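Read the structure below first, then the notes.
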Amino acid sequence: MRRLLTGILTLTLLLLNTLVLIGPLLVFALLKLVLPGRGRDYASAAVMWVAETWSEIDKAIFALCIPTQWDIRGVDTLRKDTSYLCVSNHQTWVDIPALIESLNRRVPFFKFFLKKELIWVPLLGLAWWGLDYPFMKRYSKAFLEKHPELKGKDLEITKAACELFKRQPVTVVNYLEGTRFTEAKRQEQQSPYRHLLKPKAGGVAFVLAALGEQLDALLDVTIVYPGNKAPGFWDLLNGSISRVIIDIRVRELDPALSEGDYENDPAFRQTVQAWVNQLWLDKDQRIEELRAEMR
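176 is the number that the UniProt record's numbering gives to position 176 of the sequence shown; each next residue is one higher, with no gaps.
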C-alpha cells in the first residue's frame, strides 16, 4: 500500500508540473511562428528555459517523493556552451528521467531527431517544434529507386531543420540500438554483446551528416540499474528503484565521421560502422564493470 500511495503522489505531482508549464511553453512556441529574426531566437531560448525549469521541478519531485539514489559520474567537465552528440544504452522509459537527472542544466537541453510526420501530433507536435527538435525526412531505398531525383533531398531537409543550431549549442540524443534492450531481443538478434543489442550505425551517420562540424564532442552515457531486469516507469514512481548509476564519458568526435557519404560510399560506411562497433564493445565492458558494483 505504501508503494501504491508513493506512486500516486509522485505521478500526480509530475502531471501538475506538466499542466502548469505546458501553457507557457506553447505560448513561446507560438511566438516563434510570428516573430522575425532575432525575436525568434529569443522565443526559442524562452522555450528552452521553460523545458529546463520543468525538468528541474521533476528532479525536485523525485528527490521529495522517492528514495532512488542517482549515482551520477563524469559531469565535472560538461558545459552549456558546447554542442554534444549523446549516445546511451536504452533499456526502459526510466532512461529519460536518468538523462534529465544527469544532464539538465549541465549541457544544452537535449533533443531527439523525430520523423517529420510527428509534427502534426496535437499539442505535442507544436511543443517539439518549439523545443527545436529536428524533424527529419527519410526516404527508403525502395522509394529512391522509383524516384532517383529525390536522392539526397532527405538530408537537405534535415540540415535545414538544424539551421538554428548554428546559432545556439545543442545536445542531440541518439539511441543506437533503435529499441529498448531485453534479453529476448538480444538472443533473437544473436547480438555479440552481453548487455546490448546490435547498434545501428545508419542513424548516427545521418545525424553526423546533418550537423557536421556543429558537434564538438561525444557524450558516451552508460546507465545501469539493480537486478537482472530493467525496471519499469511505475517502479521509479513508487520508489522501488534503490539506485541508478549514470556514467558519462566525454569523447572526441573525429570530424572525418561527418565528411563522407554513408549511403553510397562502402569504405566510409565501413569506417563509421567500425567506430560504432568499438564504441559498443567499450560500453558493453563498462556495463559489466558497473553491474559488478551493484551486486
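Ideal Cβ placement from N, Cα and C applies to all residues, glycine included.
Small disclaimer: the values here were computed from a predicted structure and weren't measured.
- Looking at the DSSP output, residue 246 shares a beta bridge with 72, 223.
- About 15 Å separates the beta carbons of residue 243 and residue 91, which is beyond the 8 Å limit, so they are not a contact pair.
- In this structure, the beta-carbon distance from residue 233 to residue 94 falls below 9 Å.
- By the Cβ test, the segment 121-135 is in contact with the segment 23-38, since at least three Cβ pairs between them sit closer than 8 Å.
- Contact between residue 253 and residue 281 is absent: CB atoms are separated by about 18 Å, not below the 8 Å threshold.
- When DSSP assignments are scanned along the segment 60-134, the uninterrupted stretches of beta strand (DSSP E) that are 3 or more residues long and fall wholly within it turn out to be 69-73, 84-88, 110-112.
- Residue 274 and residue 211 have their C-alpha atoms spaced approximately 20 Å apart.
- Straight-line spacing of the CA atoms in residue 134 and residue 61 works out to 29 Å.
- Taking one beta carbon from each stretch, the segment 99-108 and the segment 258-277 have fewer than 3 pairs nearer than 8 Å; the two do not touch.
- The beta carbons of residue 111 and residue 47 sit about 12 Å from each other, so the pair does not count as a contact at 8 Å.
- Cα atoms of residue 255 and residue 209: separation of roughly 10 Å, rounded to the nearest angstrom.
- Residue 185 and residue 106 have their alpha carbons spaced roughly 33 Å apart.
- Counting C-beta pairs with one atom in each stretch, the segment 5-22 and the segment 50-60 have three or more that are closer than 8 Å, which means they touch.
- Around the beta carbon of residue 283, a 10 Å sphere encloses 16 or more other beta carbons of the protein chains shown; the residue is thus reported as buried.
- Contact check for residue 45 against residue 131 fails: the beta carbons are separated by 9 Å or more.
- In this structure, residue 247 places its C-beta atom within 9 Å of the C-beta atom of residue 73.
- Residue environment for residue 64: exposed (fewer than 16 other C-beta atoms within 10 angstroms of its C-beta).
- Each of 217, 200, 191 was checked against the Cα of residue 82, and the nearest Cα belongs to 217.
- Where residue 172 is concerned, the enclosing beta strand (DSSP E) starts and stops at 171-174.
- Of the other Cβ atoms in all chains shown, 16 or more fall within 10 Å of the Cβ of residue 10; this residue is therefore buried.
- Burial check for residue 235: the Cβ neighbour count within 10 Å reaches 16 or more, so the residue is buried.
- Between the C-alpha atoms of residue 196 and residue 177 there is a straight-line separation of about 8 Å.
- Excluding its 5 nearest sequence neighbours in each direction, residue 35 has C-beta neighbours in its own chain below 6 Å: 43, listed in chain order.
- At the C-beta level, residue 238 and residue 96 stay beyond 9 Å of one another.
- Within the same chain, 280, 284 come within 7 Å of residue 193 by CB-CB distance, once the 5 residues on both sides are set aside.
- Here residue 7 is buried. Its C-beta has 16 or more other C-beta atoms within 10 Å.
- Across the structure, residue 78 and residue 71 are spaced so that their CA atoms are roughly 16 Å apart.
- Cβ contact annotation for residue 40 (same chain, cutoff 6 Å, sequence separation greater than five): 32, in chain order.
- Here the C-alpha atom of residue 86 lies approximately 8 Å from the C-alpha atom of residue 175.
- Within the same chain, Cβ atoms closer than 7 Å to the Cβ of residue 75 are found at 102, 106, 248, the five residues on either side in sequence being excluded.
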